[in-house]
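Structure record follows, encoded as structure tokens.
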Amino acid sequence: MNWITNYVRPRINSIFSRREVPENLWSKCDECGTMLFHRELRDNQNVCTNCGHHMAITPRERFAAMFDGSVFNEIDVPEPIHDPLQFRDQKKYPDRMKAAQKKTGERDAMLVAEGEIGALPIVAAAQDFSFMGGSMGMYVGNAIIAGAERAVATGKPFVLFSAAGGARMQEGILSLMQMPRTTVAVEMVKEAGLPYVVVLTHPTTGGVTASYAMLGDVHISEPNALIGFAGARVIEQTIREKLPEGFQRAEYLLDHGMLDRVTPRTEMREELITILRMLMNQPPAIKGNLPAPEAPEAAPVAEAAVTAPEAEPKP
Ligand SMILES: [Zn+2]
Numbered sequence: 001m002n003w004i005t006n007y008v009r010p011r012i013n014s015i016f017s018r019r020e021v022p023e024n025l026w027s028k029c030d031e032c033g034t035m036l037f038h039r040e041l042r043d044n045q046n047v048c049t050n051c052g053h054h055m056a057i058t059p060r061e062r063f064a065a066m067f068d069g070s071v072f073n074e075i076d077v078p079e080p081i082h083d084p085l086q087f088r089d090q091k092k093y094p095d096r097m098k099a100a101q102k103k104t105g106e107r108d109a110m111l112v113a114e115g116e117i118g119a120l121p122i123v124a125a126a127q128d129f130s131f132m133g134g135s136m137g138m139y140v141g142n143a144i145i146a147g148a149e150r151a152v153a154t155g156k157p158f159v160l161f162s163a164a165g166g167a168r169m170q171e172g173i174l175s176l177m178q179m180p181r182t183t184v185a186v187e188m189v190k191e192a193g194l195p196y197v198v199v200l201t202h203p204t205t206g207g208v209t210a211s212y213a214m215l216g217d218v219h220i221s222e223p224n225a226l227i228g229f230a231g232a233r234v235i236e237q238t239i240r241e242k243l244p245e246g247f248q249r250a251e252y253l254l255d256h257g258m259l260d261r262v263t264p265r266t267e268m269r270e271e272l273i274t275i276l277r278m279l280m281n282q283p284p285a286i287k288g289n290l291p292a293p294e295a296p297e298a299a300p301v302a303e304a305a306v307t308a309p310e311a312e313p314k315p
């Protein structure tokens, strides 16, 4: 008996637990079903290497892939009042928040940062669909305002990656108020003569589409992203008509003039560099392998980024 419990059982357990580990290293593409090795998938920015299907990517991973040398500084976002309506559905709102924070490791559904792309300093904000459906609560509003203010103060273009189911129901009217708030923030960037570029990712719907996601100077989308205000079923029931195939998908919206570009995620960085340099009246980026910035030099790089654009517009 002792021999079985002390020797055989641990051996059996270790064999099974050893088998479980490699399974986590593989993820299955939702579209074509191919098993993809996690490192390969990460290197390709969560785009299926077989069929090109774009899977979800966290703001942090996106920024790491986009900014030069993966170097970026987070911009502080003022913390809003917690749970002002003391909202409760099946769970209390603060409990939902805590669960989402634990799951994602982020404070809320938007990350704002500044850094350089192709040696051009920019401010970028990215919405996190895995955090309560990327819902636009007061924090997201504060994040966009913080990003816009930073862009204006430092003379940098503002790039926003949207991904949201819409408003955050738990914040009621306070969530809806983020629509005019963010619209004013975008207007501030435009009045300063700075570009505001929106990259719409899957899915961008509801109040987000009705405000800051549709106010860009340039609208780029990732392939096959769902973009719309109301859902297709609601529209079908309202107008009592069958909707065309591919309705509310990026390619359809590009054909019908709602978008300027549909660009694969792996080419997005180059595309943004080209567009932003053009809009900022800068010469085309110099292609070549620049050495990756070293960690101790990160601070002077950020300072140079702050002063550079101010010197630019004079001539
Ligand atoms: Zn695939």
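Residue 27 in the UniProt record's numbering sits at position 27 of the sequence shown, and the numbers go up by one each step.
Where is the CB? At the ideal position from N, CA and C, for every residue including glycine.
A residue is listed when its beta-carbon falls short of 6 Å from at least one non-hydrogen atom of ligand 1; in chain order these are 29, 31, 32, 34, 48, 50, 51 and 53. Between the C-alpha atoms of residue 73 and residue 115 there is a straight-line separation of about 6 Å. By the 16-neighbour rule on beta-carbons within 10 angstroms, residue 134 is buried.
Cβ neighbours of residue 43 within its own chain (closer than 6 Å, five residues either side excluded): none.
For residue 28, the enclosing beta strand (DSSP E) starts and ends at 26 to 28.
Here residue 261 is bridged, per DSSP, to 220. In the DSSP annotation of this structure, the continuous segment of the beta strand (DSSP E) that includes residue 73 starts and ends at 72 to 74. The three-state reading of DSSP puts residue 192 in coil, since its state is none of H, G, I, E or B. Residue 219 counts as buried, since at least 16 other C-beta atoms from the protein chains shown sit within 10 angstroms of its C-beta. Annotation: residue 174 is outside any beta strand (DSSP E); the continuous alpha helix (DSSP H) that includes it extends over 172 to 176. Segment contact: the segment 232 to 243 against the segment 185 to 197, fewer than three CB-CB distances shorter than 8 Å; contact not assigned. Taking a cut-off of 8 Å on C-beta distances, the segment 136 to 150 touches the segment 172 to 185, as three or more cross pairs fall below it. Of all C-beta pairs linking the segment 244 to 258 to the segment 45 to 58, fewer than three are shorter than 8 Å, placing the two stretches out of contact. Here residue 199 has 161 and 220 as same chain residues with Cβ atoms under 6 Å from its own Cβ, once five neighbours each way along the sequence are excluded.
Secondary structure at residue 102: helix, using DSSP grouped into helix, strand and coil. Rounded to the nearest whole angstrom, the C-alpha separation of residue 95 and residue 88 is 9 Å. Within the same chain, 51 and 53 come within 6 Å of residue 31 by CB-CB distance, once the 5 residues on both sides are set aside.
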